[in-house]
Structure formats: C-alpha cells, structure tokens
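In the numbering used here, the protein residues as written are 7 to 355.
Yeah, the Cβ is synthetic: ideal placement off N, Cα and C, and Gly gets one too.
Keep in mind it's a predicted model, so treat the numbers as computed, not measured.
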Amino acid sequence: MSDSTKYMIEDSMLKRFDRVKRSQAYTAKTLRSDKAWREKTIKTLKALTGYNSMQKTDPKPRITEEKSFKTYTQQRIEIFTEPGVLMPFYVLIPKTSSGPFPAILAPHGHCGGGKYPVVGYGINKEVKKAIMDFNYDYGVKFAEAGYIAFCPDARGFGERQERFVKGKSILDESCREINNMAYPLGQTMTGMLTWDMHRLIDYAQSRDDVIKSRIACAGLSGGGYQTLWASAWDKRIKCSIISGYMYGYKESLLEMHNNCSCNYVPHLYETVDMGDILALLAPRPVLIETGTKDPLNGRSGVKNVKSQMTIARKAYRLHGAEKDLQHDIFEGGHRWNGVKTIPFLNKYL
C-alpha cells in the first residue's frame, strides 16, 4: 500500500460490503414465499427511502402553456406533489388520433437539464449536445408512436434546481443538496422521486385522453433509476423500460462512489442489490437496455449487469414470465438505444 492510499477507507468499505448479507435477497422457491418476500421487501424499502413520510395534497393542476408541433401537441403543466412542492412537466399528446391514448411516464436522467432533452427542446447548446450524445428525445419518439408522454422535472433538476445550483449550468442538478436536507429528516431523493412519479400517475389517470389501465414508464440513466423504483411497488405501471441503469451495487455505486448522491440510500446494500429490486417488477414486462461500453456498468462491464439480470430472472421464471424480462445489449456507450422500445411497447402496452 502506497503512502498516498494507506489512509483511505475504500478497501475497508468493500470488505464490509462482502461481509454484509442482503436481508432481502431474492430466494423464493414458491409463489407463496415470493408473495411474502415481496410484501416485506416493499415495506422495508418504503421505510428506508422515507417514502412513507411523504404527504399527499391537492395537486391543483394548471396548464401554463400549449404549443402545436407537426406530430403532437405539447402542454406544460404544474401540479403539487406534496404541500408546497410544485412539479412542472410536459405532456406530449399525439396527433395520430383523438385518443384516449396509452400513456408513458418518461423521466429524464442526469446531464441534460431535466425534462428539456426528453421533449427535444434544445434550449441551449449544452442541451442540444445532450440530445445528440444520449439520443435523449425519447418522449418525442413515444408521442410520434401514438403514446401520450408525461415528461417531468425531477426534484433538483431543470426548473427545480435548488438555490446553491440555480443560475449556473442548466445541466447541473441538486441531488447532493436535497439529500443533505433530507437525510437528517428521515427522507431521501429516492423516496421523493418515487413519490413524485406516483403522483404523476394519479394526474395522468385523471385525464380524459389517457387510457387509465395502460400506463408504462421508461427512462435513461437517472430516468432508468426513477423507472426502476417507481415500478417496484406501483402496479399501475404495466410495463417498464430501463436504459443504462441495471448493475450490481458493489462495482457501480460502491467502487464508483463519486456517482451522484441520488443513488445512495442508507442501509440499501444491507438490504438488496439492484436485481432484487428488479425482481419486484415480476411478472410485469420489462426491457433493459445496456451499452457494452457504458462506463457505469462497472469494472467487469456487462458481466456486472448480467449478475443482476440473473437475480431477477429467478422471480420471472417462478411466475412463468421469463420471456417478459428482456435484455437489449447493444454496441455503444451510455445512451438510449431505442431500437426495441416501440415494438416492446406495442406488444405489452
């Protein structure tokens, strides 16, 4: 050990991770034990994330803007997701028919400025570049395929940046600042974002142009993270697309501990790995997208992704739905691939 590293604690943390046994690892052998595991795991994750401490409120929806494009109409809307917590989002309404339409929640990830790239709104050079680099305008692609798309700003992103970040780059996010406020109050970014997605479903189901029983969720990177958690215990989400966010926690979050703080939940590693959360979605259809050159896959690359797919496949196999857990491994980096997404939605939604 060199003098420059001997005072670091990373090795100690990695060894601790190996010693800790996940209390809610998926081990079910029967549907009865699967049901018991599912109920306990959801209860535990709601407690760890602070989800149970969120407060419902009158959403008071307000349409603030409406624009017409060639293939869809775009509305900008605001709703309250908690008392005093306001969420702006875009709704892209297809012009393919008069509706009602199946709906897709399309949360964004990092490095794009929130909801703007998802709706193809290049408000500056940075966002335009993000759209090109990450193939980020999947909300538009959904609308053009005949789905009504709901594209929100997550807390801390886009128009929802906190004051220590606001006024700098639109690409910056406030995850650390929010978690610094939230942790001592028993809350987390993960719980907050999951809550907001569920309140967005409430709103979507209140609209006459939405088929209430046909709702999906799909996102890239941090949008995949939001999709995974939002889908974990809300069965109103009938199918999910998770792009660039499926890998083992040890390599991709503990070893890469400079990752965004929104990923980190107290006691998470003692409870589940990411594949265990994915198992909660069974038997609902899921498409995972993985780029072979995505650095977020971790040190062992796609192998680290497949380890989590193996965990989740146990649940899907038990439910007789193994074919409904699909994995699109493509040559490329951290980006939305999109090749199989519309056929997947057309089949399952």
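In the DSSP assignment, find the alpha helix (DSSP H) that holds residue i and state where it starts and stops.
i, result
"Gly-145", "144-150"
"Phe-140", "131-140"
"Gly-281", "280-285"
"Ile-348", "347-354"
Residue i: which of the options sits nearest, CA to CA?
i, options, result
"Asp-159", "Gly-152, His-114, Arg-182", "His-114"
"Asn-58", "His-204, Lys-134, Lys-320, Thr-277", "His-204"
"Leu-234", "Ile-48, Val-125, Ser-103", "Ile-48"
"Cys-266", "Thr-194, Asp-279, Leu-206, Pro-289", "Thr-194"
"Thr-63", "Thr-36, Asp-17, Glu-88", "Glu-88"
"Leu-351", "Tyr-142, Phe-107, Lys-41", "Phe-107"
"Ser-249", "Ser-227, Ile-243, Ala-318, Ala-238", "Ser-227"
"Lys-5", "Gly-126, Ala-155, Leu-111", "This structure gives no information on residue 5, because the portion of the chain shown stretches from 7 to 355."
"Ala-112", "Ala-238, Gly-105, Val-97, Ile-317", "Val-97"
"Phe-95", "Ile-83, Gly-344, Gly-105, His-263", "Ile-83"
"Ala-318", "Tyr-253, Asp-300, Pro-349", "Tyr-253"
"Ala-327", "Lys-46, Leu-287, Glu-45, Asn-264", "Leu-287"
Could you spell out the range, first to last residue, of the beta strand (DSSP E) harbouring residue i?
i, result
"Lys-312", "Premise fails: Lys-312 lies in the alpha helix (DSSP H), 308-324, not in any beta strand (DSSP E)."
"Lys-218", "216-226"
"Phe-107", "107-111"
"Ile-154", "154-158"
I need the straight-line Cα distance from residue i to residue j, nearest angstrom please.
i, j, result
"Val-146", "Gly-120", "15 Å"
"Ile-294", "Ser-313", "13 Å"
"Lys-256", "Leu-20", "8 Å"
"Gln-211", "Ile-217", "7 Å"
"Asp-214", "Leu-54", "36 Å"
"Trp-342", "Ser-10", "39 Å"
"Ser-18", "Pro-301", "24 Å"
"Val-292", "Val-308", "18 Å"
"Arg-220", "Tyr-354", "9 Å"
"Asn-269", "Gly-304", "15 Å"
"Asp-208", "Met-198", "15 Å"
"Gly-118", "Gly-225", "13 Å"
List the whole-angstrom C-beta distance separating residue i from residue j, where the pair is believed to meet the contact cut-off of C-beta under 8 Å.
i, j, result
"Ala-4", "Tyr-78", "Nothing in the structure corresponds to residue 4, since the chain is present only between 7 and 355."
"Leu-324", "Ala-34", "6 Å"
"Ala-236", "Thr-277", "About 18 Å; that fails the 8 Å criterion."
Less than 6 Å between the CB of residue i and some heavy atom of the ligand SAH, yes or no?
i, result
"Met-138", "The ligand SAH is not part of the structure shown, which contains no ligands of any sort."
**Prompt:** Unbroken alpha helix (DSSP H) runs of length 4 or more, entirely within the region 192-275: which are they?
**Reply:** 195-212, 228-238
**Message:** Extract the residue ranges of the beta strand (DSSP E) inside the region 64-105, only unbroken runs of 3 or more that lie entirely within it.
**Reply:** Complete beta strand (DSSP E) runs here, min 3: 68-74, 78-88, 91-100.
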